[in-house]
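Residue numbers (UniProt numbering): 1 to 284.
Structural data, given as structure tokens:
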């Protein structure tokens with residue numbers, strides 16, 4: 001649980017950094033650099049621990065949990081302010097509990113009621129008279145990221161591989177980072193093409209990307225997936241929202257965003273109620 005709490009604090013700064021510093025760069029480039037740095041950081045660790053076995057299953061899981069998630073997540077910043085990206089990741093716990101219920105074959109039809117309530121809350125958050133379509137696109141893109149991240153962590157939690165030791169977990173994460181970096185690299189070249197050589201990254205942006213890749217992603221996901229193996233699915237779902245309040249506060253203060261507080265309060269309240277409702281359903 002401590003690992004999940006630490007990572008929640010770590011991730012709270014990422015929303016404002018991406019929105020304030022990196023949105024002028026292609027999203028696939030930012031995603032690829034983050035994941036490539038994560039792989040470069042963990043490859044020597046896996047080699048030093050002599051845990052370098054290749055697992056195509058884990059490479060594929062890395063494509064989903066980190067590759068697909070990051071590309072969709074960073075794309076959403078093209079349509080949404082940072083604080084709203086933070087708020088709308090609140091759907092991830094619902095997906096965690098749904099995937100966990102599906103794996104355990106304990107899914108209940110009553111799950112649809114809290115899901116409908118959460119969708120209503122999200123509708124209040126993303127509706128704007130002037131840019132409703134833009135925010136709706138951002139919301140849908142972000143849900144791809146939430147689904148990918150939820151599936152990856154719950155699959156890793158239930159998979160036997162990686163339960164034995166931190167050394168084996170390091171090897172697993174190296175495999176996952178490799179798959180994610182490979183996938184995001186392909187998507188980067190597909191998006192940018194020949195214009196890739198014309199993209200300029202300032203030294204300030206490079207330092208932010210280095211932090212996001214080595215610390216927020218590399219260390220963060222390593223600790224998150226390790227923590228996921230050692231807590232219940234319900235606790236894991238709740239901890240997926242641990243960084244949201246701090247991320248919102250930082251977006252308002254440190255990064256200067258100005259939301260519609262009435263809509264933010266109402267929409268977020270409905271989503272939180274839906275999450276508690278779903279958690280109660282899972283407990284039953």
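Built from N, CA and C at the ideal position, the CB exists for glycine as well.
From a predicted model like this one, the values you see are computed outputs, not experimental measurements.
- Per DSSP, reduced to three states, the secondary structure at residue 240 is coil, with no helix or strand assignment.
- Taking all protein chains in view, the Cβ of residue 56 is surrounded by fewer than 16 other Cβ atoms within 10 Å, so the residue is classified as exposed.
- In summary, residue 16 is buried, with 16 or more beta-carbon neighbours lying within 10 Å of its beta-carbon over all protein chains present.
- Fewer than three pairs of CB atoms, one per stretch, sit closer than 8 Å, so the region 132-150 makes no contact with the region 203-219.
- Around the beta carbon of residue 97, a 10 Å sphere encloses 16 or more other beta carbons of the protein chains shown; the residue is thus reported as buried.
- Between the region 32-44 and the region 147-162 there are fewer than three inter-stretch CB-CB distances shorter than 8 Å, so the stretches are not counted as touching.
- For residue 189, the enclosing alpha helix (DSSP H) begins and ends at 166-192.
- In the displayed model, residue 159 falls within coil according to three-state DSSP, outside both helix and strand.
- By the CB criterion at 8 Å, residue 269 and residue 87 fall outside the cutoff.
- By the 16-neighbour rule on beta-carbons within 10 angstroms, residue 114 is buried.
- The Cβ neighbour count for residue 193, taken over all protein chains shown within 10 Å, is under 16; the residue is labelled exposed.
- Here the alpha carbons of residue 230 and residue 31 stand approximately 28 Å from one another.
- Around the CB of residue 207, fewer than 16 other CB atoms lie within 10 Å, so the residue is classed as exposed.
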